[in-house]
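> Residues in the sequence shown are numbered consecutively from 1, following UniProt numbering.
Every residue gets a Cβ at the ideal spot worked out from N, C-alpha and C, and that includes glycine.
My structure is below; once you've seen it, I'll send some questions.
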Amino acid sequence: MLLSATVPQEVRHLCGALCRPRCEWLDLVQGLPTQEAVEQFVASAPPLLLGTALRNVLDSEIQDKPMSHKVMVFFPTARLAAFATTLFQEQLNMRIHQIHARCTPSARMIAQEEFSAASCGILFTSAASERGMDYPDVTLVVQMTAPNSLQQYVHRVGRTARGGKEGRALLLLLQPEESFLSEIEELPVQRSPDEALILNDEGLFTQHALSSANWASRSSLKVLAAAAFASVLQHLKTQYPKMENQEVVDLASELLMGFGVSEPPLVSLEFARELGLEKCENLALVEQRDDKARPIHPSDHERGKFVRMPSRSFWLPPVK
């Protein structure tokens, strides 16, 4: 007997090689939960308001279900999830579980057990939690930016409304990602009636709370922000190969600023060259040699933004 949460073509080929010719297929799901039990909504956000939108969504769910809210938030990269987790914990005093590729196996196991057993809680995660994870009583799934495909969207939304229970899903799209709506047009996805409230930041309270000006001097947020920025650049280049390079840099920069970063973090020259972004404006570049960083002289480059660096760089290579 072979068991699989999904049955893509690769699994069918494997079954054909390992099983007898007359093996039987049993579908125990009986239809996609996304089309039956999940209320699905979409809202569009400017990158600069993405952090505000997430904070408002979480606050609303906590207020509506103070003793039973259970939220999974999917980020496009593991490093962005790690940065957002620390940011919301330190600056907003929110208890956040995290599961992603940057967690150690032991930390991931502890987070899985704690979130699974909790009657209420918030989990920041990435692709690591899309499949094969069955957390009971998830009330809301939030997807930060467009997923890679319809299948990924369905898998993520399927984390709620399990075991015959109801659930809700919200897709937070960046405005340049509106074209993804055509991929899910056959699903019952509605424009969120609370879109204006989601984007509202009365008195700029959230922006002030998240601002890097208020980060503790010994906080790891600067390091995490730099790694998150690099990973978002890589994600956008991979996800949208036709997007102009300058738009990639601007979008990633504004997204990080939406999470409180005052200016785009530094990026290594080698990494920028790998992505073809070394000639973009407003991208702070630094050359690294033997664990040391050297500011790039303006004559080395025509259009980049150049800044002074300490003897050691806090830039980390991007890993999703």
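From this set, 46, 123, 250, which residue's C-alpha is nearest residue 108's C-alpha?
Looking up residue 108 in the sequence shown gives position 108. The shortest C-alpha separation from residue 108 is found at 123.
> Whole angstroms is fine: what's the gap from residue 258's alpha carbon to residue 51's?
Numbered from 1 along the sequence shown, position 258 holds the residue referred to as residue 258. Numbered from 1 along the sequence shown, position 51 holds the residue referred to as residue 51. Approximately 5 angstroms between the Cα atoms of the pair.
> Using 8 angstroms as the Cβ pair cut-off and three pairs as the minimum, do the region 237-246 and the region 275-284 touch?
yes
> For residue 11, does the count of other Cβ atoms within 10 angstroms reach 16, so buried, or fall short, so exposed?
Taking the first residue of the sequence shown as 1, we reach residue 11 at position 11. Result: exposed.
> Take residue 57 and list the residues in its own chain whose beta-carbon comes closer than 7 angstroms to its own, dropping the five residues that flank it on each side.
Within the sequence shown, numbered from 1, the residue matching residue 57 stands at position 57. Hits under 7 angstroms: 142, 170, 198.
> Taking 8 angstroms as the threshold, find out whether the region 76-84 comes into contact with the region 198-210 through three or more Cβ pairs.
no
> Have a look at 260, 21, 233, 164 and flag the residue whose alpha-carbon is nearest the alpha-carbon of residue 251.
Numbered from its first residue, the sequence shown carries residue 251 at position 251. Comparing Cα-Cα distances from residue 251 to each of 260, 21, 233, 164, the minimum goes to 233.
> Would you give the residue range spanned by the beta strand (DSSP E) that residue 178 belongs to?
Against the sequence shown, residue 178 aligns to sequence position 178. First-last for residue 178: undefined, no H or E at that position.
> If you follow the alpha helix (DSSP H) that residue 94 is part of, which residue opens it and which one closes it?
Here the question's residue 94 lines up with position 94 in the sequence shown. Per DSSP, residue 94 belongs to no alpha helix (DSSP H) and is neither H nor E.
> Expressed to the nearest angstrom, what Euclidean distance is found between the alpha-carbon atoms of residue 201 and residue 254?
Within the sequence shown, the letter at position 201 stands for residue 201. Within the sequence shown, the letter at position 254 stands for residue 254. Going from the Cα of residue 201 to the Cα of residue 254 covers about 17 angstroms.
> Does DSSP classify residue 115 as helix, strand or coil?
Here residue 115 corresponds to residue number 115 of the sequence shown, with the count starting at 1. Residue 115: helix per DSSP, three-state reduction.
> In the DSSP assignment, the beta strand (DSSP E) including residue 273 goes from what residue to what residue?
Working through the sequence shown from its first residue, we reach residue 273 at position 273. Unbroken run through residue 273 is the alpha helix (DSSP H), 269-275; no beta strand (DSSP E).
> Enumerate, from N- to C-terminal direction, the unbroken beta strand (DSSP E) stretches of 3 or more residues contained entirely within the UniProt domain "Helicase C-terminal" (53-205).
70-74, 97-99, 121-125, 140-144, 167-174, 189-191
> Which word fits residue 221, buried or exposed, when buried means at least 16 other C-beta atoms lie within 10 angstroms of its C-beta?
As a working note, residue 221 is residue 221 in the sequence shown. Burial call: buried.
> What do you get for residue 114, buried or exposed, if any count of 16 or more other CB atoms within 10 angstroms of its CB means buried?
Numbered from its first residue, the sequence shown carries residue 114 at position 114. Classified as exposed, residue 114 has fewer than 16 neighbouring CB atoms from the shown chains inside 10 Å of its CB.
> Under a Cβ-count criterion, where at least 16 other Cβ atoms within 10 Å of its own Cβ denotes burial, should residue 106 be classed as buried or exposed?
Start at 1 with the first residue of the sequence shown, and residue 106 comes out as number 106. Exposed, by the Cβ-count rule.
> Going straight from the alpha carbon of residue 287 to that of residue 68, what length do you get?
In the sequence shown, the residue the question calls residue 287 occupies position 287. In the sequence shown, the residue the question calls residue 68 occupies position 68. So the two alpha carbons sit approximately 49 angstroms from each other.
> Do the CB positions of residue 121 and residue 37 come within less than 9 angstroms of each other?
Walking along the sequence shown from the start, residue 121 turns up at place 121. Walking along the sequence shown from the start, residue 37 turns up at place 37. Not a contact, by the Cβ cut-off of 9 angstroms.
> Residues bridged to residue 283 by DSSP?
Position 283 of the sequence shown, counted from the first residue, corresponds to residue 283. Bridge partners of residue 283: none, in fact.
> Taking the alpha carbon of residue 204 as the reference point, which residue from 2, 53, 223 has its own alpha carbon closest?
In the sequence shown, residue 204 corresponds to position 204, counting from 1. Out of 2, 53, 223, 53 has the C-alpha closest to the C-alpha of residue 204.
> Please classify residue 263: is it buried, with 16 or more other beta-carbons within 10 angstroms of its beta-carbon, or exposed?
To locate residue 263, count along the sequence shown from 1; it is residue 263. Under this definition residue 263 is an exposed residue.
> Please report the Cβ distance between residue 74 and residue 190, rounded to the nearest whole angstrom; I am assuming they are in contact, meaning their Cβ atoms lie under 8 angstroms.
As a working note, residue 74 is residue 74 in the sequence shown. As a working note, residue 190 is residue 190 in the sequence shown. With a Cβ gap of about 19 angstroms, residue 74 and residue 190 do not count as contacting.
> Residue 328 and residue 100: beta carbons closer than 9 angstroms?
With the chain covering 1 to 320 only, the question about residue 328 has no answer from this structure.
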